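*Asks:* Below is a structure I'd like to ask you about.
Number of protein chains: 2
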Amino acid sequence: MSLGEFELIESFFWRRPGQGPRRAVVGNGDDCAVIAPAPGMQLAVSTDTMVEGRHFLSTVDPARLGHKALAVNLSDLAACGAQPLAFTLALTLPRVDEAWLSALARGLLDLADEHECELIGGDTTAGPLSIGMTVMGEVPPGQALLRSGAQPGDDLWVSGHPGEARLALEAFRGTLHPGLSGEAFEATRLAMEAPDPRVALGLGLRGVATAAIDISDGLLGDLGHILRRSRVGATVVLDALPVSPWLAGRAVVEQQDCILAGGDDYELLFTAPVAQRPAVAALADSLGLLLSRIGRIEADPGLRVRVTGLDEGHAGPLVPNRWVSFDHFRG
Amino acid sequence: MSLGEFELIESFFWRRPGQGPRRAVVGNGDDCAVIAPAPGMQLAVSTDTMVEGRHFLSTVDPARLGHKALAVNLSDLAACGAQPLAFTLALTLPRVDEAWLSALARGLLDLADEHECELIGGDTTAGPLSIGMTVMGEVPPGQALLRSGAQPGDDLWVSGHPGEARLALEAFRGTLHPGLSGEAFEATRLAMEAPDPRVALGLGLRGVATAAIDISDGLLGDLGHILRRSRVGATVVLDALPVSPWLAGRAVVEQQDCILAGGDDYELLFTAPVAQRPAVAALADSLGLLLSRIGRIEADPGLRVRVTGLDEGHAGPLVPNRWVSFDHFRG
Numbered sequence: 001m002s003l004g005e006f007e008l009i010e011s012f013f014w015r016r017p018g019q020g021p022r023r024a025v026v027g028n029g030d031d032c033a034v035i036a037p038a039p040g041m042q043l044a045v046s047t048d049t050m051v052e053g054r055h056f057l058s059t060v061d062p063a064r065l066g067h068k069a070l071a072v073n074l075s076d077l078a079a080c081g082a083q084p085l086a087f088t089l090a091l092t093l094p095r096v097d098e099a100w101l102s103a104l105a106r107g108l109l110d111l112a113d114e115h116e117c118e119l120i121g122g123d124t125t126a127g128p129l130s131i132g133m134t135v136m137g138e139v140p141p142g143q144a145l146l147r148s149g150a151q152p153g154d155d156l157w158v159s160g161h162p163g164e165a166r167l168a169l170e171a172f173r174g175t176l177h178p179g180l181s182g183e184a185f186e187a188t189r190l191a192m193e194a195p196d197p198r199v200a201l202g203l204g205l206r207g208v209a210t211a212a213i214d215i216s217d218g219l220l221g222d223l224g225h226i227l228r229r230s231r232v233g234a235t236v237v238l239d240a241l242p243v244s245p246w247l248a249g250r251a252v253v254e255q256q257d258c259i260l261a262g263g264d265d266y267e268l269l270f271t272a273p274v275a276q277r278p279a280v281a282a283l284a285d286s287l288g289l290l291l292s293r294i295g296r297i298e299a300d301p302g303l304r305v306r307v308t309g310l311d312e313g314h315a316g317p318l319v320p321n322r323w324v325s326f327d328h329f330r331g
Numbered sequence: 001m002s003l004g005e006f007e008l009i010e011s012f013f014w015r016r017p018g019q020g021p022r023r024a025v026v027g028n029g030d031d032c033a034v035i036a037p038a039p040g041m042q043l044a045v046s047t048d049t050m051v052e053g054r055h056f057l058s059t060v061d062p063a064r065l066g067h068k069a070l071a072v073n074l075s076d077l078a079a080c081g082a083q084p085l086a087f088t089l090a091l092t093l094p095r096v097d098e099a100w101l102s103a104l105a106r107g108l109l110d111l112a113d114e115h116e117c118e119l120i121g122g123d124t125t126a127g128p129l130s131i132g133m134t135v136m137g138e139v140p141p142g143q144a145l146l147r148s149g150a151q152p153g154d155d156l157w158v159s160g161h162p163g164e165a166r167l168a169l170e171a172f173r174g175t176l177h178p179g180l181s182g183e184a185f186e187a188t189r190l191a192m193e194a195p196d197p198r199v200a201l202g203l204g205l206r207g208v209a210t211a212a213i214d215i216s217d218g219l220l221g222d223l224g225h226i227l228r229r230s231r232v233g234a235t236v237v238l239d240a241l242p243v244s245p246w247l248a249g250r251a252v253v254e255q256q257d258c259i260l261a262g263g264d265d266y267e268l269l270f271t272a273p274v275a276q277r278p279a280v281a282a283l284a285d286s287l288g289l290l291l292s293r294i295g296r297i298e299a300d301p302g303l304r305v306r307v308t309g310l311d312e313g314h315a316g317p318l319v320p321n322r323w324v325s326f327d328h329f330r331g
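If you read the sequences in order, they're chains A and B.
So in my numbering, spot 212 of the first sequence is number 212, and the numbers just go up one at a time.
So in my numbering, spot 15 of the second sequence is number 15, and the numbers just go up one at a time.
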């Protein structure tokens, strides 16, 4: 890359003073950025890389790509109940395309501004296209939402409408019969390409949820992480699953596959004591976000999928768990 | 990558409890890691990506590659005067080669252990080989070494023997006449492939230096960053430059080119008031590290290179600055 190309990239990503959130004591441009977490706060840190051809196609709208690259990282902060603070960006570019980079930066920085998360450092390299990020957020000591806190008797909840991203992916792959309407395609494609990280939900779940995770690898697969870490089991009830309007008219098997093992969803799966149902309902109201109770945590290890029987004392017919993991889904 | 391959990678990088430094409140394995900076401390953050073919060759010893990937990031913390705390690792791998990965992890984690810097999170992806890292370190409020603090009258210092990495690179490129002896090649190659980050020096320079930077882009190029940020000028004196024993017998022009514009050196360039000379000498002694006074900061903007005249009131003949930047060096 030439000096002029580096300056171009800088101009898109490193804004002038007065623009965007200012969270750093020392901003980008020194050997390190310096941030000062609020007194007594702990720092939640997560890192993710998106590689062309694996996590996105070269044809994707660059503004959506920029949005998503940050969104998947903010989603990890949300799953911890952390308030976004700052992030670093490692950009590897095969070439410098001004229009593409400008759109990427806009999509990324618009989402960053929305969450008051400052871009504090970065590194741009020539090479095969990938976007790496490390995000940092603040959380009061002991209040981070972990995977390990689920207790027998807790309710199991999920936000939003999992499965839409997978539906769009299958539409791209041409495997859907019937295919999607234009409207359904655009809506589910938006869910896939520009997911909304559930940051406000994560903050609201501090002190309410006992465990949380984002379901980027598929609802049941990620539930498995909570179960292993918390040393508990669970029942998930098919009739209680939230069905996206774009999935509603489709075959039941397809609905279940997308919702339970779709992957690339940035919704939160969380557990909370029964006594917290009013608090969860109040959160759903205040956020205008669907929160669905889809099962319960049990002392008996393992995962049970039933058609009905959401409430204690009820147990509908068991269904074989064919949703082992996202990667093996549909062989 | 298969599940088994992921587990293999995990086994190399994510150690069992009891091994390696433990700096995190919540370690790897949740959505986020959680770290707790010591009360009142600020956090210095830096990120760097190394891409195969650009920053390293596929033939490099993987243990040295692992060492260097962390070393270049620790060098940024050193240049800020920050104590290493933790880092994240974003690994993109075209294939899973057990011996190679095991050596990479060993080189990386040995250096991490040496500096008590904990690997707290990461992401492994299939794709073209690259190694991305974000390091975090602690620094007391207001004590970070910045590029912006140099004052007219300050001395200009450099650590170690800059230029060795460039000498090794030119040996690899076959441009050296005469070539290097086997011993010189191995020694300079070590400087290039497994540099020592000057972490202890950075910590010792808190309260002593007024500005600091690492000279990974070449001594004069990086000095330019200090001059611009500090709004000052400088004189650099050729006769005062530290000449590596491996450069000593070579043409003077080659020596100067390697030392002043070699690049890929992880030495620190710093400025300090004249009154701090005893403190700098004491640091050199206690660290067993060469610290050379190579010039001075002046109010007059711009960079002047002179053959002699290190001390105030002396001014040897001016030399045209042919070392504009690392990238343009030897056009």
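Each residue gets a CB set at the ideal place from its N, CA and C atoms; glycine is no exception.
Quantities reported herein were computed from a predicted structural model and do not represent experimental measurements.
Taking the Cβ atom as the reference point for each residue, do A:Gly66 and A:Arg22 lie within a distance shorter than 9 Å?
*Replies:* no
*Asks:* If you reduce the DSSP assignment to three classes, tell me which class A:Phe329 lands in.
*Replies:* Unreliable positioning characterises A:Phe329 in this predicted model, as indicated by a pLDDT of 32, which lies under 50. The coordinate reading is nonetheless provided below. If DSSP states are grouped into helix, strand and coil, A:Phe329 belongs with coil.
*Asks:* For A:Ala38, go through chain B and note every residue whose CB falls closer than 8 Å to its CB, in chain order.
*Replies:* Chain-order list of chain B residues neighbouring A:Ala38: empty, with the shortest C-beta distance near 11 Å, by a criterion of under 8 Å.
*Asks:* The beta strand (DSSP E) with A:Trp157 in it runs from where to where?
*Replies:* Asp155 to Ser159
*Asks:* Which residues mark the beginning and the end of the beta strand (DSSP E) in which A:Ser244 is found?
*Replies:* Counting along the chain, A:Ser244 falls outside any beta strand (DSSP E), and DSSP gives it neither H nor E.
*Asks:* For the alpha helix (DSSP H) that contains B:Gln255, what are its first and last residues?
*Replies:* Val252 to Ala261
*Asks:* Please compile the residues from chain B whose C-beta is within a distance smaller than 8 Å of the C-beta of A:Ala33.
*Replies:* Ala44, Val45 and Ser46
*Asks:* In the DSSP assignment, what residue or residues form a beta bridge with B:Ser46?
*Replies:* B:Val135
*Asks:* Using a beta-carbon distance below 9 Å, is A:Pro128 in contact with chain B?
*Replies:* yes
*Asks:* Using 9 Å as the limit for Cβ to Cβ distance, is A:Arg16 near chain B?
*Replies:* Residue placement at A:Arg16 is poorly supported in this model, since its pLDDT is 47, which falls under 50; the coordinates are not used for a value here.
*Asks:* Can you name the residues that DSSP bridges to A:Gly302?
*Replies:* A:Gly233, per the DSSP bridge assignment.
*Asks:* Check whether the Cβ of B:Cys117 lies closer than 9 Å to any Cβ atom in chain A.
*Replies:* no
*Asks:* Using a Cβ-Cβ distance cut-off of 9 Å, determine whether B:Arg147 contacts chain A.
*Replies:* yes
*Asks:* Indicate the three-state DSSP secondary structure (helix, strand or coil) for B:Leu223 in the structure shown.
*Replies:* Here B:Leu223 sits in helix by DSSP.
*Asks:* Using a Cβ cut-off of 9 Å, pull out every chain B residue sitting near A:Leu77, in sequence order please.
*Replies:* Asp31 and Cys32
*Asks:* Using the Cβ count rule (16 or more neighbours within 10 Å means buried), how would you classify A:Ala99?
*Replies:* With fewer than 16 other CB atoms across the displayed protein chains lying within 10 angstroms of its CB, A:Ala99 is exposed.
*Asks:* Might you give, ordered along the chain, the residues of its own chain that have their beta carbon closer than 7 Å to the beta carbon of A:Ala86, omitting 5 neighbours on each side?
*Replies:* So the list reads Arg23, Ala24, Ile35, Cys117, Glu118, Ile120 and Met136, once near-sequence residues are dropped.
*Asks:* Which chain B residues are close to A:Ile213, counting only those with a beta carbon under 9 Å from its beta carbon?
*Replies:* Asp30 and Asp31
*Asks:* When you compare only the Cα positions, how much space is there between A:Ile215 and B:Pro39?
*Replies:* Rounded to whole angstroms, A:Ile215 and B:Pro39 show a C-alpha spacing of 34 Å.
*Asks:* Would you list the residues sitting across from A:Gln83 in a DSSP beta bridge?
*Replies:* Residue pairing by DSSP places A:Gln83 opposite A:Glu138 in a beta bridge.
*Asks:* Cα separation between A:Pro162 and B:Ala150?
*Replies:* 55 Å
*Asks:* Short check: CB of B:Pro242 to CB of B:Ile294, under 9 Å?
*Replies:* By the CB criterion at 9 Å, B:Pro242 and B:Ile294 fall inside the cutoff.
*Asks:* What is the DSSP secondary structure of B:Asn28, reduced to helix, strand or coil?
*Replies:* strand
*Asks:* For chain A, find out if any of its Cβ atoms is closer than 9 Å to the Cβ of B:Ser11; answer yes or no.
*Replies:* no
*Asks:* Along chain A, which residues have their Cβ under 9 Å away from the Cβ of B:Ile297?
*Replies:* Ordered by position in chain A, no residue passes the 9 Å Cβ test against B:Ile297, which lies about 17 Å from the chain.
*Asks:* What does A:Arg293 pair with, by DSSP beta-bridge criteria?
*Replies:* A:Trp157
*Asks:* What residues in its chain sit with their C-beta under 7 Å from that of A:Ala33, if we drop five residues either side in the sequence?
*Replies:* Ala24, Val26, Gly27, Ile120 and Gly121
*Asks:* Within its chain, find whatever has a CB closer than 6 Å to the CB of A:Leu43; leave out the 5 residues flanking it on each side and keep chain order.
*Replies:* Excluding sequence neighbours, A:Leu43 sits near Pro37 and Met136.
*Asks:* Can you give me the Cβ contacts of A:Pro197 inside the same chain, cut-off strictly under 6 Å, excluding the 5 residues immediately before and after it?
*Replies:* Ala71, Leu74, Ser75, Ala78 and Tyr266
*Asks:* Taking the alpha helix (DSSP H) that A:Val34 belongs to, which residues open and close that run?
*Replies:* Premise fails: A:Val34 lies in the beta strand (DSSP E), Ala33 to Ile35, not in any alpha helix (DSSP H).
*Asks:* Would you call the CB atoms of B:Gly29 and A:Arg147 closer than 9 Å?
*Replies:* It is a contact, given that the beta carbons lie within the stated cut-off.
*Asks:* Can you list, in chain order, the residues of its chain with a C-beta nearer than 8 Å to that of A:Ser58? Leave out the 5 residues immediately preceding and following it.
*Replies:* Glu52 and Leu129
*Asks:* By DSSP's criteria, B:Glu118 is part of a beta bridge. Which residues make up the other side?
*Replies:* B:Ala86
*Asks:* Measure the C-alpha to C-alpha separation of A:Gly174 and A:Gly221 and round it to an integer number of angstroms.
*Replies:* 25 Å
*Asks:* Ignore the nearest five residues each way along the sequence and tell me which others in B:Arg54's own chain have a CB closer than 7 Å to its CB.
*Replies:* There are no such residues.
*Asks:* Look at A:Val199 and A:His314 and say whether their C-beta atoms are less than 9 Å apart.
*Replies:* no
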